[in-house]
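J.:
In the working numbering, the protein residues as written are 4 to 295.
1. Take residue 230 and list the residues in its own chain whose beta-carbon comes closer than 6 Å to its own, dropping the five residues that flank it on each side.
2. With a CB to CB cut of under 8 Å and the five nearest residues on each side skipped, what residues in its chain are close to residue 59?
3. What residues in its chain sit with their C-beta under 6 Å from that of residue 41, if we drop five residues either side in the sequence?
4. Does DSSP put residue 35 in a helix, a strand or coil?
5. Count the CB pairs spanning the segment 69 to 86 and the segment 20 to 35 that are closer than 8 Å, and state whether there are at least three.
6. Taking 6 Å as the limit between beta carbons, can you name the residues of its chain near residue 83, skipping five residues before and five after?
7. Across which residues does DSSP place residue 233 in a beta bridge pair?
8. Where does the unbroken alpha helix (DSSP H) through residue 54 begin, and where does it stop?
9. Answer yes if the segment 99 to 107 comes into contact with the segment 132 to 147, meaning at least three C-beta pairs across the two stretches below 8 Å, and no otherwise.
10. Tell whether a beta-carbon distance below 8 Å holds between residue 190 and residue 237.
11. Quick one: what's got a C-beta closer than 7 Å to residue 283's C-beta in the same chain, skipping five residues either side?
12. Once DSSP output is grouped into helix, strand and coil, what is the label at residue 150?
13. When we look at the beta-carbon of residue 166 and count the other beta-carbons within 10 Å, is it buried (16 or more) or exposed?
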């Protein structure tokens, strides 16, 4: 599934927080780990000597991490490179240069308005990359206060073929990592009409959502996923999913988005976008294009 884990590093402690996760995934999937540092070339007016010096410093920085990982995994499974250009574009190009790659990035633990601004490098990568992207917020921790562990996989479903196309992918992920799979279906309680009518409609919608998600859970159990749970949430989907993830320790939320091309690659669905921007827990975004 993940033959390669691409880890962008910028010499910050924040970016390095995902290294233990990269190692864990590499052990589980037998993956290669590739480290990348991008020296920004934001202006042609920057003297070449400055860029060259920054590149040399980046190479020395990556070498230390590369050597440590090579001692654990062997040099044939560790790679590192320093590139020049616009960071998000270079990361996407490098990720898509090899099949079955996963981009693993740490994100800032912003709150309030800042967390609604998906303009960071990580945000641009997740918006446009065709490869899976795993975002780990800076404050994502387990109940003991240590780095979050991957024990539960939350998968929101809305009844669409697009959302369901993620199921073979997450099934394989849960089997390999021994994760508990939690299927989630959310619905809005706001309906027009009298209060009595609203309650009737709400019950109908709730029962329909529960029957759907329960059937999907049963199907996955038959396919060999040992631990499958389901949950029906009432409220605005993105916020309900984010809140549920916070309440579920050591969890990752997996979301499927369109396998688009061109400019439309930059348009995520409203729910996916809302979860990415507001989540305090790891989020895995997969462009569903028919390959597991």
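Cβ coordinates follow ideal geometry from the N, Cα and C atoms, glycine included.
Computed from a predicted structure; not experimentally measured.
T.: Quick answer:
1. Taking the chain shown and counting its residues from 1, the one referred to as residue 230 is at position 227. The beta carbon of residue 230 sits closer than 6 Å to those of 183, all from its chain and outside the five residues before and after it, given in chain order.
2. Residue 59 sits at position 56 when you count from the first residue of the chain shown. Contacts found: none.
3. For this step, residue 41 is matched to residue 38 along the chain shown. Excluding its 5 nearest sequence neighbours in each direction, residue 41 has C-beta neighbours in its own chain below 6 Å: 86, 90, 93, listed in chain order.
4. Sequence index remark: in the chain shown, residue 35 carries index 32 (1-based). Strand at residue 35.
5. With three or more CB-CB distances shorter than 8 Å, the segment 69 to 86 counts as touching the segment 20 to 35.
6. In the chain shown, residue 83 corresponds to position 80, counting from 1. Within the same chain, residue 83 has close Cβ partners 38, 65, 69.
7. Mapped onto the chain shown, residue 233 falls at position 230. Residue 233 is bridged to 186.
8. In the chain shown, the residue the question calls residue 54 occupies position 51. For residue 54, the uninterrupted alpha helix (DSSP H) segment begins and ends at 51 to 76.
9. Yes, they touch.
10. Numbered from 1 along the chain shown, position 187 holds the residue referred to as residue 190. Numbered from 1 along the chain shown, position 234 holds the residue referred to as residue 237. By the CB criterion at 8 Å, residue 190 and residue 237 fall inside the cutoff.
11. In the chain shown, counting from the first residue as 1, residue 283 sits at position 280. Around residue 283: 140, 142, 143, 249.
12. To locate residue 150, count along the chain shown from 1; it is residue 147. In this structure, residue 150 counts as strand in the three-state DSSP scheme.
13. Against the chain shown, residue 166 aligns to sequence position 163. By the C-beta density criterion, residue 166 is buried, having at least 16 other C-beta atoms within 10 angstroms.
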